[in-house]
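K.L.:
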Amino acid sequence: MKVVTILGARPQFIKAGSVSREILRQSKQGADIEEVIVHTGQHYDSNMSDVFFDEMKIPKPNYFLGIGGKTHGAMTGKMIEKIEEVLLKEQPNWVMVYGDTNSTLAGALAASKLHIKIAHIEAGLRSFNMRMPEEINRILTDRISSVLFCPTQTAMDNLESEAIDEWKTGAKSVLSGDVMQDGALFYRELAEKPLDLELSEKFVLCTIHRAENTDDPARLKAIIAALNKIAKENQVVLPLHPRTKNILQKSDFDTSNLLIIDPVGYLNMVWLIKHCNLVMTDSGGLQKEAFFFDKPCITLRDETEWVELLEVGANILVGADESRIMSAFNKQPHFKVDDSADLYGGGQASERIIMEMLGG
Ligand code: UDP
Numbered sequence: 026m027k028v029v030t031i032l033g034a035r036p037q038f039i040k041a042g043s044v045s046r047e048i049l050r051q052s053k054q055g056a057d058i059e060e061v062i063v064h065t066g067q068h069y070d071s072n073m074s075d076v077f078f079d080e081m082k083i084p085k086p087n088y089f090l091g092i093g094g095k096t097h098g099a100m101t102g103k104m105i106e107k108i109e110e111v112l113l114k115e116q117p118n119w120v121m122v123y124g125d126t127n128s129t130l131a132g133a134l135a136a137s138k139l140h141i142k143i144a145h146i147e148a149g150l151r152s153f154n155m156r157m158p159e160e161i162n163r164i165l166t167d168r169i170s171s172v173l174f175c176p177t178q179t180a181m182d183n184l185e186s187e188a189i190d191e192w193k194t195g196a197k198s199v200l201s202g203d204v205m206q207d208g209a210l211f212y213r214e215l216a217e218k219p220l221d222l223e224l225s226e227k228f229v230l231c232t233i234h235r236a237e238n239t240d241d242p243a244r245l246k247a248i249i250a251a252l253n254k255i256a257k258e259n260q261v262v263l264p265l266h267p268r269t270k271n272i273l274q275k276s277d278f279d280t281s282n283l284l285i286i287d288p289v290g291y292l293n294m295v296w297l298i299k300h301c302n303l304v305m306t307d308s309g310g311l312q313k314e315a316f317f318f319d320k321p322c323i324t325l326r327d328e329t330e331w332v333e334l335l336e337v338g339a340n341i342l343v344g345a346d347e348s349r350i351m352s353a354f355n356k357q358p359h360f361k362v363d364d365s366a367d368l369y370g371g372g373q374a375s376e377r378i379i380m381e382m383l384g385g
């Protein structure tokens, strides 16, 4: 069985790290499975890409398409064209795509037109916000996928409410659990403290990169103002995404109280999550990682796909409103993270996914 995996963005490298490890494990045990990796080039800085391949021992990509830094349409279009060439050459049984980026949609569209089966990992998530590029990518990818691997029961329910049973495409949803939990469990003991970083005993770990925040000056301004207030008494560590860095450099927002650092590799990131007191983020992945490491999370968005974290009281949604951010921050010592709930499959998602594909 040949699987072509399409990757391009940081969270996809982290997710694929666990699945590739499982493919290698199964193939060493005699399973008939081979993976060909295609890196679209959507994220290309070494600290947004290479570091994950090195640290997580993801096999080097067989193809690097070099398509980054373009508008959504140009990027997606060029990716479809190049991925199609690879698929025609490789003739795989499956194309595997992850999450909700332009690389995900391009991979799925190229495969669907060649009638190649598509496995969508992290299917069924919805924010119900059609202004999010990720929401468009996930809905369209789900609609043309063959097996939709859902990380949560909520994702399964979303697909059911979209009548997946009536699509008449033979598509199937499978509750696999979340591959990010596999990674968090595997790497928790391998975490490494970032060198040269002077950290207080208590610090807040923050990331900001969603377009809805970075591309809206009023939202970004409110978030930075709240972080600055918090930073007067608490160290705030902000590994900064290149997109946010570019925008902040052009702005006159005061960030002098914040400890801004370059994006870090996964082993450093896991260390920071393990040792911080609180996570503040607009990242999808980091909201769950906070939970995996028993840390409360304040989410700087108006909605989240990971609603079960709100239900168990591990996460609070505050949007980009300074007073809501401050009031959540002041309440945060009283958050109770109930880590006993098995919300994400317990770390066996990759195995379930590969077993299903081998059997299917
Ligand atoms: N991450 C990382 N280094 C950083 C910032 C984030 O390794 O400097 C990891 C983070 O722990 C999570 C993933 O990147 O596993 C999340 O990616 P991102 O926030 O870019 O995307 P999203 O999850 O929002 O799709």
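Quick note, the sequence shown lines up with residues 26 to 385 if you use the numbering used here.
Every residue gets a Cβ at the ideal spot worked out from N, C-alpha and C, and that includes glycine.
Model, not experiment: these values are computed from the prediction.
1) So which of 306, 297, 64 has the shortest CA-CA distance to residue 226?
2) Using C-beta distances below 7 Å, list every residue in its chain close to residue 76, excluding the 5 sequence neighbours before and after it, in chain order.
3) Given 7 Å as the limit, tell me if residue 375 has its C-beta closer than that to any heavy atom belonging to the ligand UDP.
4) For a test of the three-state rule: what should DSSP assign to residue 88, helix, strand or coil?
5) Since residue 119 and residue 144 are thought to touch, with beta carbons under 8 Å apart, how far apart are those beta carbons, to the nearest angstrom?
6) Taking only three categories from DSSP, how would you classify residue 305?
7) In whole angstroms, what is the alpha-carbon distance linking residue 71 and residue 193?
8) Got a sec, what are the start and stop residues for the beta strand (DSSP E) residue 263 sits in?
9) Using CA coordinates, which residue listed in 61, 379, 299, 314 is at the minimum distance from residue 214?
10) Whole beta strand (DSSP E) runs in the region 122-179 with 3 or more residues, listed along the chain?
11) Quick one: give me the first and last residue of the alpha helix (DSSP H) that residue 210 is part of.
12) Assign residue 266 to one of two classes, buried (16 or more other C-beta atoms within 10 Å of its C-beta) or exposed (fewer than that).
13) If I measure Cβ to Cβ from residue 97 and keep anything under 7 Å in the same chain, skipping five residues before and after, which residues do I get?
14) Is residue 71 near the ligand NAP, going by C-beta to nearest heavy atom under 7 Å?
15) Can you tell me which of the three DSSP states residue 119 falls into?
16) Verify whether the separation of the beta carbon atoms of residue 272 and residue 239 is less than 8 Å.
17) How many whole angstroms separate the CB atoms of residue 228 and residue 259, which I take to be in contact at a CB cut-off of 8 Å?
18) Confirm the yes/no value for this check: CB of residue 311, any heavy atom of the ligand UDP, distance under 7 Å.
19) Determine contact between the region 190-206 and the region 309-327, defined as no fewer than three beta-carbon pairs at a distance below 8 Å.
20) Quick check on the burial criterion: 16 or more other C-beta atoms within 10 angstroms. Buried or exposed for residue 288?
21) Do you know offhand how far residue 363's Cα is from residue 107's?
22) Tell me, please, whether the region 61-70 touches the region 142-156 by the rule of three or more beta-carbon pairs shorter than 8 Å.
23) Relative to the C-alpha of residue 42, which candidate in 57, 58, 54, 74 has its C-alpha closest?
24) Using the DSSP secondary-structure output, state which residues sit across from residue 270 in a beta bridge.
25) Run the proximity test for residue 171: is its beta-carbon closer than 7 Å to any non-hydrogen atom belonging to the ligand UDP?
26) Determine the extent of the beta strand (DSSP E) in which residue 340 is found, giving its start and end residues.
27) Does residue 101 come out as helix, strand or coil in the three-state DSSP assignment?
28) When you compare the CB positions of residue 322 and residue 339, do they come within less than 8 Å of one another, or not?
29) Rounded to whole angstroms, what is the Cα-Cα separation between residue 280 and residue 348?
30) Taking contact to mean 3 or more Cβ pairs, one atom from each stretch, closer than 8 Å, check whether the region 28-41 and the region 76-93 are in contact.
31) Ends of the alpha helix (DSSP H) at residue 189?
32) Let's see if you can read the secondary structure: which residues bound the alpha helix (DSSP H) around residue 239?
33) What residue from 380, 146, 250, 303 has the CA that sits closest to residue 163's CA?
34) Kindly indicate which residue of 175, 176, 160, 294 has the alpha-carbon position closest to the one of residue 220.
35) Looking only at DSSP bridge pairs, what is residue 64 linked to?
36) To the nearest angstrom, report how far apart residue 217 and residue 49 are at their CA atoms.
P.N.:
On the basis of the supplied data:
1) Reading the sequence shown from its first residue, position 201 is the one you call residue 226. Selected option, being the one with the closest Cα: 297.
2) Counting from 1 along the sequence shown, the entry for residue 76 is found at position 51. 290, listed in sequence order.
3) Within the sequence shown, numbered from 1, the residue matching residue 375 stands at position 350. Every heavy atom of the ligand UDP is 7 Å or more from the Cβ of residue 375, so no.
4) Here residue 88 corresponds to residue number 63 of the sequence shown, with the count starting at 1. DSSP places residue 88 in strand when its eight states are reduced to three.
5) Numbered from 1 along the sequence shown, position 94 holds the residue referred to as residue 119. Numbered from 1 along the sequence shown, position 119 holds the residue referred to as residue 144. The pair is a contact, with the Cβ atoms about 6 Å apart (cut-off 8 Å).
6) Numbered from 1 along the sequence shown, position 280 holds the residue referred to as residue 305. Strand, per DSSP.
7) Against the sequence shown, residue 71 aligns to sequence position 46. Against the sequence shown, residue 193 aligns to sequence position 168. Between residue 71 and residue 193, the C-alpha separation is close to 43 Å.
8) As a first step, residue 263 must be located in the sequence shown, where it is residue number 238. Run containing residue 263: 260-264, per the beta strand (DSSP E) assignment.
9) In the sequence shown, residue 214 corresponds to position 189, counting from 1. For the residues 61, 379, 299, 314, the minimum Cα distance to residue 214 belongs to 299.
10) Unbroken beta strand (DSSP E) stretches of 3 residues or longer found wholly inside the region 122-179: 142-146, 172-175, given in chain order.
11) As a working mapping, residue 210 is identified with position 185 in the sequence shown. Where residue 210 is concerned, the enclosing alpha helix (DSSP H) stretches over 204-212.
12) What you label residue 266 is simply residue 241 of the sequence shown in a count that begins at 1. Buried.
13) The residue you call residue 97 lines up with position 72 of the sequence shown. Non-local C-beta neighbours of residue 97 in its own chain, meaning closer than 7 Å and more than five positions away in sequence, comprise 127, 158, ordered along the chain.
14) Absence of the ligand NAP from the depicted structure is noted, with the ligand UDP being the only ligands included.
15) Walking along the sequence shown from the start, residue 119 turns up at place 94. The answer is strand: DSSP assigns residue 119 an E or B state.
16) Working through the sequence shown from its first residue, we reach residue 272 at position 247. Working through the sequence shown from its first residue, we reach residue 239 at position 214. Yes, the pair counts as a contact, with Cβ atoms nearer than the cut-off.
17) If you number the sequence shown from 1, residue 228 lands on position 203. If you number the sequence shown from 1, residue 259 lands on position 234. Under the criterion of beta carbons closer than 8 Å, residue 228 and residue 259 qualify as touching, at roughly 7 Å.
18) Taking the sequence shown and counting its residues from 1, the one referred to as residue 311 is at position 286. With a cutoff of 7 Å, residue 311 counts as near the ligand UDP, since its C-beta is closer than that to a heavy atom of the ligand.
19) Contact between the region 190-206 and the region 309-327 is present, because at least three Cβ pairs lie under 8 Å.
20) Counting from 1 along the sequence shown, the entry for residue 288 is found at position 263. Buried.
21) The sequence position of residue 363 within the sequence shown is 338, counting from 1. The sequence position of residue 107 within the sequence shown is 82, counting from 1. The straight-line gap from Cα to Cα measures roughly 45 Å.
22) No, they do not touch.
23) The sequence position of residue 42 within the sequence shown is 17, counting from 1. Cα-wise, what sits closest to residue 42 is 74.
24) In the sequence shown, counting from the first residue as 1, residue 270 sits at position 245. Partner residues in a beta bridge of residue 270, as assigned by DSSP, do not exist.
25) Taking the first residue of the sequence shown as 1, we reach residue 171 at position 146. The beta carbon of residue 171 sits no closer than 7 Å to any heavy atom of the ligand UDP.
26) Working through the sequence shown from its first residue, we reach residue 340 at position 315. Here the beta strand (DSSP E) through residue 340 covers 340-342.
27) What you label residue 101 is simply residue 76 of the sequence shown in a count that begins at 1. Here residue 101 sits in helix by DSSP.
28) Working through the sequence shown from its first residue, we reach residue 322 at position 297. Working through the sequence shown from its first residue, we reach residue 339 at position 314. Residue 322 is a Cβ neighbour of residue 339, given a cutoff of 8 Å.
29) For the purposes of this step, residue 280 is taken as residue 255 along the sequence shown, with counting starting at 1. For the purposes of this step, residue 348 is taken as residue 323 along the sequence shown, with counting starting at 1. Rounded to whole angstroms, residue 280 to residue 348 spans 18 Å at the Cα level.
30) Per the Cβ contact rule, the region 28-41 is in contact with the region 76-93 (3 or more Cβ pairs under 8 Å).
31) Residue mapping note: residue 189 aligns to position 164 of the sequence shown, counting from 1. Premise fails: residue 189 is in no alpha helix (DSSP H) and is neither H nor E.
32) Your numbering for residue 239 matches position 214 in the sequence shown. Annotation for residue 239: the continuous alpha helix (DSSP H) segment containing it runs 236-239.
33) Reading the sequence shown from its first residue, position 138 is the one you call residue 163. When each option's Cα is compared against that of residue 163, the closest is 146.
34) Here residue 220 is taken as the residue at index 195 of the sequence shown, counted from 1. Closest by alpha carbon: 294.
35) Working through the sequence shown from its first residue, we reach residue 64 at position 39. Answer is 32, 89, bridged to residue 64.
36) Counting from 1 along the sequence shown, the entry for residue 217 is found at position 192. Counting from 1 along the sequence shown, the entry for residue 49 is found at position 24. Rounded to whole angstroms, the gap between the alpha carbons of residue 217 and residue 49 is 25 Å.
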